[in-house]
Amino acid sequence: MEKLNASAVTKIEEIVKKHQGKRGPLKLMLHDVQHELGYIPFQAMEIIAKGCDVPVTEVYGVVTFYTQFTTQPRGKHVINVCLGTACYVKESQPILDRITETLQCNVNETTQDGMYSIDATRCLGACGLAPVVVVDGKVYGSCSISKVDEILQKVMN
398 MEKLNASAVT KIEEIVKKHQ GKRGPLKLML HDVQHELGYI PFQAMEIIAK
448 GCDVPVTEVY GVVTFYTQFT TQPRGKHVIN VCLGTACYVK ESQPILDRIT
498 ETLQCNVNET TQDGMYSIDA TRCLGACGLA PVVVVDGKVY GSCSISKVDE
548 ILQKVMN
C-alpha cells in the first residue's frame, strides 16, 4: 500500500479539522479529500476515521458505496459517459466504445500516461440532453460519435 507524503497527510488533517463538529461531516470530508488528492487512499480513510471517532470500516463503507468516490488515482481528465436508459436508447454505448478505442483505455480505468480516466455511469440526471458525456465536469448533451471526436480532440490538444 502506497504511503502518503507529509504534505498530503497535513492536508487531510486540515480537512478533518475544518469539518469537525458539523452535521454529517463524513461525506464532506471525503469530497474535500478527493478534490485535493484526486482519489481517497486508505491512509486518508484512516485519518478521517480517527478524526471522526468512527471505525475505518464505516469510512470505507461510505467510500465504496458512493460511485462518485474512488480509491484509485484518476487521470488529469475524467470522462463520464451515461449509460442510463434515456442515454442508452440514444446510442451512448457506441459513444463509450469510441472513447475507449480512441484513448486505448478500458472503462473504469486510467490511461497508462495518467492523462485520462473513463467511467460509465448509470444516470447523470440530464436525461433531456441524452446521450450525455461529461468531461472534467462539463456536460455535453445530444452527443454523437462525431461530436465526441471533436470533444476528445479539444481535450487531447
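First residue of the sequence shown: 398, per this note's numbering; consecutive thereafter.
Cβ atoms here follow ideal geometry from the backbone N, Cα and C, with glycine treated the same way.
Of the listed residues G522, I542 and V552, nearest to V532 (C-alpha basis): Position 135 of the sequence shown, counted from the first residue, corresponds to residue 532. Per the Cα distances, V552.
DSSP state of I496 mapped onto helix, strand, coil: Translated into positions along the sequence shown, residue 496 becomes position 99. Three-state result, I496: helix.
Alpha carbon of S404 to alpha carbon of P438, nearest angstrom: In the sequence shown, counting from the first residue as 1, residue 404 sits at position 7. In the sequence shown, counting from the first residue as 1, residue 438 sits at position 41. Their backbone Cα atoms lie some 14 angstroms apart in a straight line.
Per-residue burial, V478 [other beta carbons within 10 Å of its own, 16 or more giving buried]: The residue you call residue 478 lines up with position 81 of the sequence shown. Buried, since its Cβ has 16 or more Cβ neighbours within 10 Å.
Distance between beta carbons of A517 and G538, contact taken as under 8 angstroms: For the purposes of this step, residue 538 is identified with residue 141 of the sequence shown, where counting begins at 1. For the purposes of this step, residue 517 is identified with residue 120 of the sequence shown, where counting begins at 1. Between A517 and G538 the Cβ distance is about 17 angstroms, and since that is not below 8 angstroms, they are no contact.
Endpoints, the beta strand (DSSP E) within which D546 is located: Here residue 546 refers to the residue found at position 149 of the sequence shown. Careful: D546 lies outside any beta strand (DSSP E), inside the alpha helix (DSSP H) at I542 to M553.
Cβ-based burial, H416 [other Cβ within 10 Å; buried from 16]: Within the sequence shown, numbered from 1, the residue matching residue 416 stands at position 19. By the neighbour-count rule (16 or more Cβ atoms within 10 Å), H416 is buried.
Sequence-distant residues of its chain with Cβ nearer than 8 angstroms to I444 (five each side left out): In the sequence shown, the residue the question calls residue 444 occupies position 47. Spatial neighbours of I444 in its own chain (CB-CB distance under 8 angstroms, excluding positions within 5 residues in sequence) are listed in chain order as V406, I409, E410 and V413.
3-residue-minimum beta strand (DSSP E) runs that sit fully inside the region 429–514, ordered along the chain: Complete beta strand (DSSP E) runs here, min 3: 474–479.
For K400, the nearest candidate out of S543, P422, E506 and A441 (CA to CA): Numbered from its first residue, the sequence shown carries residue 400 at position 3. Checking every option, the nearest Cα to that of K400 belongs to A441.
Backbone secondary structure at A517 - three-state DSSP: The sequence position of residue 517 within the sequence shown is 120, counting from 1. Reduced to three states, the DSSP call for A517 is strand.
Whole-angstrom C-beta distance between L549 and T499, which should lie under 8 angstroms: Your numbering for residue 499 matches position 102 in the sequence shown. Your numbering for residue 549 matches position 152 in the sequence shown. The pair is a contact, with the Cβ atoms about 6 angstroms apart (cut-off 8 angstroms).
Whole-angstrom C-beta distance between V536 and V545, which should lie under 8 angstroms: For the purposes of this step, residue 545 is identified with residue 148 of the sequence shown, where counting begins at 1. For the purposes of this step, residue 536 is identified with residue 139 of the sequence shown, where counting begins at 1. The beta carbons of V545 and V536 sit about 13 angstroms from each other, so the pair does not count as a contact at 8 angstroms.
Local Cβ density within 10 Å of S514, reported as buried at 16 or more and exposed below that: Position 117 of the sequence shown, counted from the first residue, corresponds to residue 514. Buried: at least 16 other Cβ atoms inside 10 Å.
Alpha-carbon to alpha-carbon, P491 and H474: Here residue 474 corresponds to residue number 77 of the sequence shown, with the count starting at 1. Here residue 491 corresponds to residue number 94 of the sequence shown, with the count starting at 1. Approximately 20 angstroms, taken between the alpha carbons.
Contact check, P557 vs C449, beta carbons under 8 angstroms: No answer is possible for residue 557: it lies beyond the span of the chain, which begins at 398 and ends at 554.
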